[in-house]
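S.K.:
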């Protein structure tokens, strides 16, 4: 029977003397036992040797306070000495000796009034058991009176059975009762609260130092084995489910990933109980920052979950337009613009009293991985995604200035390999030894792989317009819509078609020469030097002559074409839109 013992505040506390450990001599086995009798309160001292009564042993009793039993005694044939009931609780020392051997014992003697005790225990079916003892012995036929201020079926008078017990019924509701017991001229009383079976179960949750949680189920204060335990949580919790308690009435749960509140319900036949508990999670706030071709992306997580509306602060050790404070979106992310220069950013995220920090090195190398226009578009897109609300013009301008491949030392027009930088340039003079544009063999328009120079390039291949056998006899090269002849062709800019006068085409060639110098063409950088001006003039005259020659041979090529383009019947080599000549070409802007 599973029972819970309620401590009753007895009017008289008992330390029974029915069984007092004996003190014995190791050499002879001499021992002293003391036993107080419930009926009279007298103390019986028994002297034995090797478990046999010792007659005529000397017994000396001394107490710390006045006691009528203090003195010297001789045991009878049964080896006993009887001491009177004390008037009050007293501690005495008893020395016994026989044949030169001694044994001693120290005991506490109590009057009967102090020795009577009453206790109560509720069983797992809700009934209660009252037990009456005196000197730790069950008292049969003791009178027990039960009363309460509210209705209770157990109110009334009872007599204890041979076990000193009285059974009381399960209450319909929680009730406080008073129990009074009397026996052998002594009285004791106590108050106890009786709980109905339906309310007898109790469940508690405690989180341990290692993060696990222990659920404990008790009934009337006693552990309940096999109780059903159901665990639910507000959020995802791997331990949510149904369990059965072990022999200790417990269930152990793993620590949740995220801090959360759990509800634990325990049930056993006829009773149930419920409680809630806040469990700390093991997951911590984390933040990361990653640079891609499309921008810089910050992500805030807590365990496996994205954190929405987390506060993100961005700081940088250089000039970076993404610095500031942001809030994460539903995916826990913040999009930042690409850097205008190499910088290291510090990212600090905070949410629900937790913070996390990381650093990330941002570089502009991504701009060299694809067309610069694509990089600029990516920068603008990232700027918009980051919620930039200021005037974008200056920011974009700074990005373009700082990242334009045309501004790099190795960019076309700046490096030693730029167009016009080769030592073999026909126009090289003493003043041009600094390797002006269009001087290198590898420059656009001069190298064998450049447009207009390769064998299979437009205007050079055997099948190109102006090169095939039909070109000189009114074939594809002379068609009105042939490359280099249409009104929209590169280098013609709406100039006249094949029926225009040769003089106009010559003028166009001269104008093109002037425009190249004025519009930032390869020769513009050297206009301030007289030697360069002379070279340009001579070059322009040469181009005019070649333009007239080519027009007569090919049926009128483009006056805006390059030397190489005209010689091969191709109008693309030096057109205004050709590589190296347009205003947007690397090194030209």
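Residue numbers (the numbering used here): 241 to 829. Just so it is clear, CB atoms sit at the ideal spot from N, CA and C, and this is done for glycine as well. No experiment lies behind these values; they were computed from the predicted model shown.
Check for me: the alpha helix (DSSP H) holding residue 353 runs from which residue to which?
M.R.: Translated into the one-based positions of the chain shown, residue 353 becomes position 113. Element bounds for residue 353: 352 to 355.
S.K.: Does DSSP classify residue 348 as helix, strand or coil?
M.R.: Taking the chain shown and counting its residues from 1, the one referred to as residue 348 is at position 108. If DSSP states are grouped into helix, strand and coil, residue 348 belongs with the strands.
S.K.: Going by C-alpha distance, which of 587, 493 and 397 is nearest residue 562?
M.R.: Here residue 562 refers to the residue found at position 322 when the chain shown is read from its first residue. Out of 587, 493 and 397, 587 has the C-alpha closest to the C-alpha of residue 562.
S.K.: Which runs of the beta strand (DSSP E), 3 residues or longer, sit entirely within the stretch 295 to 382?
M.R.: 298 to 303, 311 to 314, 320 to 323, 330 to 338, 341 to 349, 356 to 363 and 368 to 374
S.K.: Provide the residue span of the beta strand (DSSP E) that contains residue 576, from first to last.
M.R.: On the chain shown, residue 576 is found 336 positions in, with the first residue counted as 1. Taken as a continuous stretch (DSSP letters only), the beta strand (DSSP E) holding residue 576 covers 573 to 576.
S.K.: Suppose the cutoff is 7 Å on Cβ atoms and the five residues either side in sequence are ignored; what does the same chain contact list for residue 454 look like?
M.R.: As a first step, residue 454 must be located in the chain shown, where it is residue number 214. Result list for residue 454: 446, 448, 490 and 492, in chain order.
S.K.: Inspect the beta-carbon positions of residue 326 and residue 356 and report whether they are closer than 9 Å.
M.R.: Within the chain shown, residue 326 is the residue found at index 86, counting from 1. Within the chain shown, residue 356 is the residue found at index 116, counting from 1. No, Cβ-Cβ distance for residue 326 and residue 356 is not below 9 Å.
S.K.: Which partner residues of residue 472 appear in the DSSP bridge assignment?
M.R.: Start at 1 with the first residue of the chain shown, and residue 472 comes out as number 232. Partner(s): 503.
S.K.: Would DSSP call residue 276 helix, strand or coil?
M.R.: In the chain shown, the residue the question calls residue 276 occupies position 36. Three-state result, residue 276: strand.
S.K.: Since residue 442 is in the beta strand (DSSP E), which residue starts that stretch and which ends it?
M.R.: Translated into the one-based positions of the chain shown, residue 442 becomes position 202. Start and end: 441 to 447.
S.K.: Relative to the C-alpha of residue 528, which candidate in 517, 518, 522 and 542 has its C-alpha closest?
M.R.: To locate residue 528, count along the chain shown from 1; it is residue 288. It is 542.
S.K.: Grab the span of the beta strand (DSSP E) containing residue 405 for me, first residue to last.
M.R.: Numbered from its first residue, the chain shown carries residue 405 at position 165. For residue 405, the uninterrupted beta strand (DSSP E) segment begins and ends at 405 to 408.
S.K.: DSSP three-state label for residue 618, please.
M.R.: In the chain shown, residue 618 corresponds to position 378, counting from 1. It is helical.
S.K.: Pull up the CB-CB distance for residue 269 and residue 290, whole angstroms please, since I reckon it's below 8 Å.
M.R.: Taking the chain shown and counting its residues from 1, one reaches residue 269 at position 29. Taking the chain shown and counting its residues from 1, one reaches residue 290 at position 50. Confirmed, about 4 Å.
S.K.: Counting beta carbon pairs with one atom in the stretch 575 to 587 and one in the stretch 510 to 523, are three or more of them shorter than 8 Å?
M.R.: no
S.K.: What first and last residue would you give for the beta strand (DSSP E) that runs through residue 489?
M.R.: Working through the chain shown from its first residue, we reach residue 489 at position 249. No beta strand (DSSP E) contains residue 489, which DSSP labels as neither H nor E.
S.K.: Considering Cα atoms alone, identify which of 460, 401, 568 and 367 is closest to residue 548.
M.R.: On the chain shown, residue 548 is found 308 positions in, with the first residue counted as 1. Comparing Cα positions, the closest option is 568.
S.K.: Return yes when the Cβ of residue 334 is within less than 9 Å of the Cβ of residue 299, no when it is not.
M.R.: As a position in the chain shown, residue 299 is number 59, starting the count at 1. As a position in the chain shown, residue 334 is number 94, starting the count at 1. For the pair residue 299 and residue 334, the CB atoms are nearer than the 9 Å cut-off.
S.K.: Hey, is the stretch 456 to 475 in contact with the stretch 381 to 391, meaning 3+ C-beta pairs nearer than 8 Å?
M.R.: no
S.K.: Do the CB positions of residue 397 and residue 418 come within less than 9 Å of each other?
M.R.: Against the chain shown, residue 397 aligns to sequence position 157. Against the chain shown, residue 418 aligns to sequence position 178. The answer is no: Cβ separation not under 9 Å.
S.K.: Rounded to whole angstroms, what is the Cα-Cα separation between residue 504 and residue 422?
M.R.: As a working mapping, residue 504 is identified with position 264 in the chain shown. As a working mapping, residue 422 is identified with position 182 in the chain shown. Their Cα atoms are separated by approximately 45 Å.
S.K.: Just to confirm before moving on: does the CB-CB distance between residue 320 and residue 285 stay below 9 Å?
M.R.: As a first step, residue 320 is located in the chain shown; it is residue number 80 there, counting from the start. As a first step, residue 285 is located in the chain shown; it is residue number 45 there, counting from the start. Contact: yes.
S.K.: Kindly indicate which three-state DSSP category residue 633 falls into: helix, strand or coil?
M.R.: Residue mapping note: residue 633 aligns to position 393 of the chain shown, counting from 1. If DSSP states are grouped into helix, strand and coil, residue 633 belongs with the helices.
S.K.: Report yes if the C-beta distance between residue 451 and residue 560 is below 9 Å; otherwise report no.
M.R.: Taking the first residue of the chain shown as position 1, residue 451 is located at position 211. Taking the first residue of the chain shown as position 1, residue 560 is located at position 320. Contact: no.
S.K.: Under three-state DSSP, which class holds residue 545?
M.R.: As a first step, residue 545 must be located in the chain shown, where it is residue number 305. If DSSP states are grouped into helix, strand and coil, residue 545 belongs with the strands.
S.K.: Count the other C-beta atoms from every protein chain shown that fall within 10 angstroms of the C-beta of residue 274, then say buried if there are 16 or more, exposed otherwise.
M.R.: Counting from 1 along the chain shown, the entry for residue 274 is found at position 34. With 16 or more Cβ atoms within 10 Å of its Cβ, residue 274 is classed as buried.
S.K.: Leaving out five residues on either side along the sequence, give the residues of the same chain with a beta carbon under 7 Å from the beta carbon of residue 272.
M.R.: Stepping through the chain shown from its first residue, residue 272 is reached at position 32. Shown here for residue 272: same chain residues with a beta carbon closer than 7 Å to its own, the five before and five after excluded, namely 262, 263, 285, 287, 334, 336, 343, 344 and 345 in chain order.
S.K.: Candidates 558, 312, 571 and 501: which alpha carbon is nearest residue 473's?
M.R.: Counted from its first residue, the chain shown places residue 473 at position 233. Comparing Cα-Cα distances from residue 473 to each of 558, 312, 571 and 501, the minimum goes to 501.
S.K.: Express the C-alpha separation of residue 378 and residue 370 in angstroms, rounding to a whole number.
M.R.: Here residue 370 corresponds to residue number 130 of the chain shown, with the count starting at 1. Here residue 378 corresponds to residue number 138 of the chain shown, with the count starting at 1. Each residue's alpha carbon lies about 11 Å from the other.
S.K.: Determine the direct distance from the alpha carbon of residue 546 to that of residue 432, and round the result to whole angstroms.
M.R.: What you label residue 432 is simply residue 192 of the chain shown in a count that begins at 1. What you label residue 546 is simply residue 306 of the chain shown in a count that begins at 1. If I take the Cα positions, the gap works out to 55 Å.
S.K.: Between residue 425 and the rest of its own chain, which residues show a CB-CB distance below 7 Å, the 5 nearest in sequence each way excluded?
M.R.: Taking the chain shown and counting its residues from 1, the one referred to as residue 425 is at position 185. Correct list, in chain order: 352.
S.K.: Compute the distance between the beta-carbons of residue 597 and residue 589, then report whether it is under 9 Å.
M.R.: Along the chain shown, one-based indexing puts residue 597 at 357. Along the chain shown, one-based indexing puts residue 589 at 349. Going by C-beta atoms, residue 597 is nearer than 9 Å to residue 589.
S.K.: Roughly how far, in whole angstroms, is the beta-carbon of residue 485 from the beta-carbon of residue 467, given that I think they are within contact range, below 8 Å?
M.R.: Position 245 of the chain shown, counted from the first residue, corresponds to residue 485. Position 227 of the chain shown, counted from the first residue, corresponds to residue 467. About 4 Å; that satisfies the 8 Å criterion.
S.K.: Cβ atoms of residue 441 and residue 415: under 9 Å apart, would you say?
M.R.: If you number the chain shown from 1, residue 415 lands on position 175. If you number the chain shown from 1, residue 441 lands on position 201. At a Cβ-Cβ threshold of 9 Å, residue 415 and residue 441 do not count as neighbours.
S.K.: Indicate whether residue 429 and residue 510 have their beta-carbon atoms separated by less than 9 Å.
M.R.: Translated into the one-based positions of the chain shown, residue 429 becomes position 189. Translated into the one-based positions of the chain shown, residue 510 becomes position 270. No, these two residues do not count as a Cβ contact at 9 Å.
S.K.: So, at 8 Å on beta carbons, what are the nonlocal neighbours of residue 632 in its own chain, with the 5 sequence-adjacent residues on each side left out?
M.R.: The residue labelled residue 632 in the question sits at position 392 within the chain shown. Correct list, in chain order: 620 and 623.
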